[in-house]
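First the structure, in the form of structure tokens, and then the observations on it.
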Amino acid sequence: MLLPREKKILELLYKKKEEYTTNELARILHISPRTVKSDIARLRKELENDTGCIVKTKAGYGIWLSYSDKGKQYIEQILADYDFNHLVTIENRKYFIALKLLEEDKYVSMESIGESMFISKSTMVNSMNELAPILQQHGLQLEKKVKYGIKIVGTEKQKRIMNGYAIRKIIDNSPNRLDSKLQVFFPDIDLKKVEEILIDAQKKYAFVLADTSYSVIIIQLSICIQRIRQEKRCSIVENELNRDCHECEIIRYIAKKLQEKFQIELLEGDMAYLEMNFLGAKKILTENKLWKDDIALDKQSVEKWENIIAKTDQRYLENLREDDTFKYGLFIHLKAMFNRLNNNVHLDNPMKQMVKEELVYEVEVASYMANLISNDYAVTLGVDEVCDIAMYLAASMERQKARKQEFKKNVIVVCGSGTGTSQFLEARLTRMFPNLIVKKILPISQVESEINPDTDLIISTVPLVIEEGTVIHVSPLLNEKDVEMIEQALQVGKSANYETKRKYPNLYRLLSEKISIFNCDCKSRSEVISLLGNRLVFEKYVDESYIESAFKREQLSSTSIGDNFAVPHAFEGHVKKLGIGMMTLKKPIQWADDKVQIVFMLSLNANSQDIFREVFSELTDITKNKEMIEQILLADKFSDIEFI
């Protein structure tokens with residue numbers, strides 16, 4: 001049996017296809033030349049057993065690998081196993097266990113799984129405890145039987161969804177077109193063929209999947225092939241397969257191609273499963289008529305949606321009703337989101353933390369909308385979904401700022417995260433750079449075929465290397481450093497509407513010694529909200545129901561905004577006078593998924609639009625000001641802080 005370092009040497013020799021010196025291998029592996037020689041000797045001995053491989057050495061020449069067709073097959077199997085095992089980490093170990101259990105219909109002993117993953121019994125038990133609630137979220141149960149072991153119980157549909165979720169968590173939702181790690185999970189399936197089918201379908205039916213959904217669909221198509229080959233079929237319930245939806249023609253096309261290329265037969269249950277995945281996929285929408293065609297079929301839901309927008313406008317005065325791009329684009333996004341949530345398909349938002357930190361005001365508005373959506377559509381939205389909505393809101397607000405401007409330079413934007421992200425980036429670019437016109441927004445899979453001589457610049461949110469054209473890599477939220485890079489590429493001065501805020505006049509005006517608490521030893525979020533909330537009640541800033549409302553607001557989504565800050569507040573109707581309570585903590589505490597040490601508790605009315613937006617803007621800025629953060633944490637009293 002080859003040891004991990006010996007497998008690494010085998011991988012290096014196989015992939016380089018030429019000689020290595022002992023010293024070169026020593027430098028790569030961070031070991032001594034003597035150790036390299038010992039490893040090579042063991043490797044040569046291991047390969048002697050009819051593997052079809054020979055490690056050859058020659059003084060003054062180097063070390064290389066010689067192999068037959070049989071040897072090539074042996075090496076690729078060894079390296080596939082090696083890659084698979086090296087994907088296992090402490091964080092994702094539970095997902096590997098899930099995959100092993102999903103492979104089996106019968107009971108499997110915990111000892112056998114632990115042995116295959118080289119982990120102890122106690123580690124196995126801990127991992128199973130972590131896995132159980134995740135399985136429950138997907139409608140699955142762990143069933144245990146004495147002397148037999150454990151197995152996962154649920155429908156084939158639930159198992160396939162969990163299978164895809166586990167794989168995505170392991171490969172960390174890589175946005176690449178076809179992550180090399182993915183092949184490890186499907187050793188008997190040519191993923192290039194699967195990808196070709198999906199690419200052809202996109203071209204034939206004129207739709208574009210966001211990169212995150214692109215990889216999800218590749219995974220699900222592969223799972224479908226794998227499970228059908230194992231004779232594991234999805235059953236179908238009445239009305240589950242919608243033969244009239246416009247996705248059905250796409251599904252039929254893909255099913256036909258899968259059957260031709262992989263010699264499998266998709267039954268109605270399998271077709272319904274693929275339809276469910278496509279209905280929940282994030283698509284990049286490029287033409288309003290596509291949205292309106294879809295909306296025409298769902299007038300009742302549209303009326304609910306327009307009512308939600310009206311309520312949001314009434315509260316925050318953002319004129320969202322006048323923005324058709326926002327109204328229709330987010331509606332289509334929500335339909336796909338509802339389909340995922342109703343089927344326990346969860347997509348992590350890879351930009352979640354960035355959105356929470358950079359778009360604080362937009363997240364607040366999105367949280368309000370999410371509450372209305374949950375009530376009207378009977379779905380539960382989490383922080384990932386709230387951040388999705390925040391991106392659409394941010395895009396709409398940027399478009400409002402960018403109206404009536406002239407454009408001169410042609411730009412292609414590469415952004416595969418979804419329609420909300422791409423709309424926001426386009427809107428911010430056109431506002432901040434009046435001399436730009438965004439010609440197209442593309443996922444990475446379509447860039448090279450769309451570049452033409454009229455393209456002046458390519459702005460990409462994902463790593464991109466192409467032979468032609470100037471490429472600038474930016475954050476999806478277009479931060480100050482990104483703006484400077486674009487300015488340099490365009491050889492223009494400062495963009496017309498860009499300004500770095502250096503003052504906090506609203507915070508200075510609304511904070512007060514009377515409602516500030518320094519160096520507090522609270523140990524939990526609930527203690528902070530209760531203590532600081534009671535101070536606001538005592539000083540007559542808010543009514544007595546404020547604290548209860550603030551707790552309900554936290555249940556909707558956490559008010560932590562990253563960088564050790566949180567901004568708890570209540571829903572509307574509890575403010576007596578405007579103000580902001582402040583608390584600093586001796587030690588950071590856990591606030592949902594974040595650590596928090598500085599708390600600003602808001603006594604503000606959302607319909608006081610200018611103040612409300614400016615406060616959130618200043619809060620976003622202050623979280624990036626290291627000097628101000630240090631000053632706040634060192635303060636013993638309010639007068640120790642200089643808001644300048």
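If you're matching positions, the sequence shown starts at 1 in UniProt numbering and goes up one per residue.
Ideal placement from N, C-alpha and C gives every residue a C-beta, glycine not left out.
This one's a predicted model, so the numbers in the text were calculated from it and none came from an experiment.
message = Less than 6 Å between C-beta atoms, sequence neighbours within five positions excluded: which residues of the same chain meet that for residue 719?
response = The shown model of the chain, from 1 to 644, leaves out residue 719, and the question about it has no answer.
query = Who are the Cβ neighbours of L511 in its own chain at under 6 Å, not counting the five residues just before and after it?
reply = Indexing the sequence shown from 1 puts residue 511 at position 511. Counting only Cβ-Cβ distances below 6 Å, and skipping sequence neighbours, we find I580 and M582.
request  = Could you name the residues that DSSP lists as bridge partners for M582?
outcome  = The sequence position of residue 582 within the sequence shown is 582, counting from 1. DSSP output for M582 lists S516 and F600 as bridge partner(s).
query = Given a threshold of 16 other Cβ atoms within 10 Å of its Cβ, counted over all protein chains shown, does I389 qualify as buried or as exposed?
reply = As a first step, residue 389 is located in the sequence shown; it is residue number 389 there, counting from the start. Around the Cβ of I389, a 10 Å sphere holds 16 or more other Cβ atoms; the residue is buried.
message = Which residue wins for smallest C-alpha separation from R431, given the options M162, D105, E6 and Q400?
response = Counted from its first residue, the sequence shown places residue 431 at position 431. Comparing alpha carbon positions, the residue from M162, D105, E6 and Q400 closest to R431 is Q400.
ask   = How long is the line joining the alpha carbons of Y498 and L478, rounded to whole angstroms?
value = The residue you call residue 498 lines up with position 498 of the sequence shown. The residue you call residue 478 lines up with position 478 of the sequence shown. Because Y498 sits at a pLDDT of 40, beneath the cut-off of 50, its placement in the model cannot be relied upon, and the point is left open.
key: Nearest neighbour of D270, chosen from I254, K282, K261 and I284 [CA to CA]   = Within the sequence shown, numbered from 1, the residue matching residue 270 stands at position 270. The residue with the shortest Cα to Cα distance from D270 is I254.
inquiry  = Tell me which residue opens and which closes the beta strand (DSSP E) that S460 is part of.
reply    = Mapped onto the sequence shown, residue 460 falls at position 460. For S460, the enclosing beta strand (DSSP E) starts and ends at L457 to S460.
inquiry  = For A281 and A336, which I take to be in contact (beta-carbon distance under 8 Å), what is that distance rounded to the nearest angstrom?
reply    = In the sequence shown, the residue the question calls residue 281 occupies position 281. In the sequence shown, the residue the question calls residue 336 occupies position 336. Confirmed, about 6 Å.
ask   = What's the C-alpha gap between residue 646 and K193?
value = As displayed, the chain neither begins before 1 nor continues past 644, which places residue 646 out of reach and without an answer.
message = Cutting at 7 Å between CB atoms, please list the residues of its own chain near Q314, excluding the five before and the five after it.
response = Working through the sequence shown from its first residue, we reach residue 314 at position 314. Correct list: empty, nothing qualifies.
task = Would you mind working out which of N277, L101, K304 and A366 sits nearest N342, comparing C-alpha positions?
result = Counted from its first residue, the sequence shown places residue 342 at position 342. Ranking the options by Cα distance to N342, first place goes to N277.
request  = Return the residue from the list E539, V567 and F538 that minimises the CA-CA distance to F551.
outcome  = For the purposes of this step, residue 551 is identified with residue 551 of the sequence shown, where counting begins at 1. F551 has its Cα closest to that of V567, out of E539, V567 and F538.
Inside the segment 138 to 214 only - beta strand (DSSP E) runs reaching at least 3 residues = The DSSP assignment places complete beta strand (DSSP E) segments of no fewer than 3 residues inside the segment 138 to 214 at 141 to 145 and 149 to 153, in order along the chain.
key: Cβ neighbours of A592 in the same chain (closer than 7 Å, five flanking residues each side left out)   = Position 592 of the sequence shown, counting from 1, holds the residue named residue 592. Answer for A592: S558 and S560, listed in chain order.
request  = Using the Cα positions of S639 and L602, report the straight-line distance between them to the nearest angstrom.
outcome  = Taking the first residue of the sequence shown as position 1, residue 639 is located at position 639. Taking the first residue of the sequence shown as position 1, residue 602 is located at position 602. Rounded to whole angstroms, S639 to L602 spans 20 Å at the Cα level.
query = Should T623 be labelled buried (16 or more other beta-carbon atoms within 10 Å of its own) or exposed?
reply = On the sequence shown, position 623 is the one that residue 623 refers to. Classified as buried, T623 has 16 or more neighbouring CB atoms from the shown chains inside 10 Å of its CB.
query = Taking the C-alpha atoms as reference points, what is the distance between Y107 and Q230?
reply = Stepping through the sequence shown from its first residue, residue 107 is reached at position 107. Stepping through the sequence shown from its first residue, residue 230 is reached at position 230. Y107 and Q230: Cα-Cα distance of roughly 17 Å.
ask   = Pairing CB atoms from the segment 409 to 421 with CB atoms from the segment 448 to 463, are three or more of them under 8 Å?
value = These segments touch.
message = Measuring alpha carbon to alpha carbon, tell me which residue in L334, Q136, K7 and S109 is nearest residue 660.
response = Residue 660 is absent from the structure shown; the chain starts at 1 and stops at 644.
inquiry  = I'd like the span of the beta strand (DSSP E) that includes C53, first residue to last.
reply    = Translated into the one-based positions of the sequence shown, residue 53 becomes position 53. Note, C53: beta strand (DSSP E), C53 to K58.
request  = Going by CA-CA distance only, name the one from L79, E143 and P505 that's closest to L102.
outcome  = If you number the sequence shown from 1, residue 102 lands on position 102. Of the residues L79, E143 and P505, the one whose Cα lies closest to the Cα of L102 is E143.
message = Within the continuous beta strand (DSSP E) that includes A566, where are the two ends?
response = Reading the sequence shown from its first residue, position 566 is the one you call residue 566. Annotation for A566: the continuous beta strand (DSSP E) segment containing it runs N564 to A566.
message = I need the straight-line Cα distance from R233 to E156, nearest angstrom please.
response = If you number the sequence shown from 1, residue 233 lands on position 233. If you number the sequence shown from 1, residue 156 lands on position 156. R233 and E156: Cα-Cα distance of roughly 7 Å.
key: Nearest neighbour of E268, chosen from I284, E11, C248 and E18 [CA to CA]   = In the sequence shown, the residue the question calls residue 268 occupies position 268. Measuring from the Cα of E268, the nearest candidate turns out to be C248.
ask   = Opposite D594 in the DSSP bridges: which residues?
value = Indexing the sequence shown from 1 puts residue 594 at position 594. Answer by DSSP bridge pairing, in chain order: W591.
key: Distance between D563 and H569 (C-alpha atoms, nearest Å)   = Along the sequence shown, one-based indexing puts residue 569 at 569. Along the sequence shown, one-based indexing puts residue 563 at 563. Separation of H569 and D563 (C-alpha to C-alpha, rounded to the nearest whole angstrom) is 18 Å.
ask   = Which residue spans inside the segment 107 to 140 form an unbroken alpha helix (DSSP H) run of at least 4?
value = List check, alpha helix (DSSP H) in window: 110 to 117 and 121 to 137.
Opposing strand residues paired with W305 [DSSP bridges] = Against the sequence shown, residue 305 aligns to sequence position 305. None, per the DSSP bridge assignment.
Separation of E24 from E480, as counted between CA atoms = For the purposes of this step, residue 480 is taken as the residue at position 480 of the sequence shown. For the purposes of this step, residue 24 is taken as the residue at position 24 of the sequence shown. E480 and E24: Cα-Cα distance of roughly 42 Å.
key: K282 (DSSP reduced to helix, strand or coil)   = Within the sequence shown, the letter at position 282 stands for residue 282. K282: coil per DSSP, three-state reduction.
query = Does DSSP put V36 in a helix, a strand or coil?
reply = Taking the first residue of the sequence shown as position 1, residue 36 is located at position 36. DSSP places V36 in helix when its eight states are reduced to three.
task = Please go through the same chain and pick out, in chain order, the residues whose beta-carbon is closer than 8 Å to the beta-carbon of Q353, but skip the five residues on each side of it.
result = Stepping through the sequence shown from its first residue, residue 353 is reached at position 353. Cβ within range, chain order: G562.
request  = Check G62 in the structure and name its three-state DSSP category.
outcome  = Indexing the sequence shown from 1 puts residue 62 at position 62. G62: strand per DSSP, three-state reduction.
request  = May I ask you to list the residues that DSSP assigns as paired with L442?
outcome  = Taking the first residue of the sequence shown as position 1, residue 442 is located at position 442. Beta-bridge pairing links L442 to V414.
ask   = In the UniProt domain "PRD" (296 to 403), which residue ranges form an unbroken alpha helix (DSSP H) of at least 4 residues, counting only runs that do not cross its ends?
value = Annotation note: the UniProt domain "PRD" (296 to 403) contains the following uninterrupted alpha helix (DSSP H) runs of length 4 or greater, listed N- to C-terminal: 299 to 316, 324 to 342, 352 to 358, 360 to 377 and 383 to 402.
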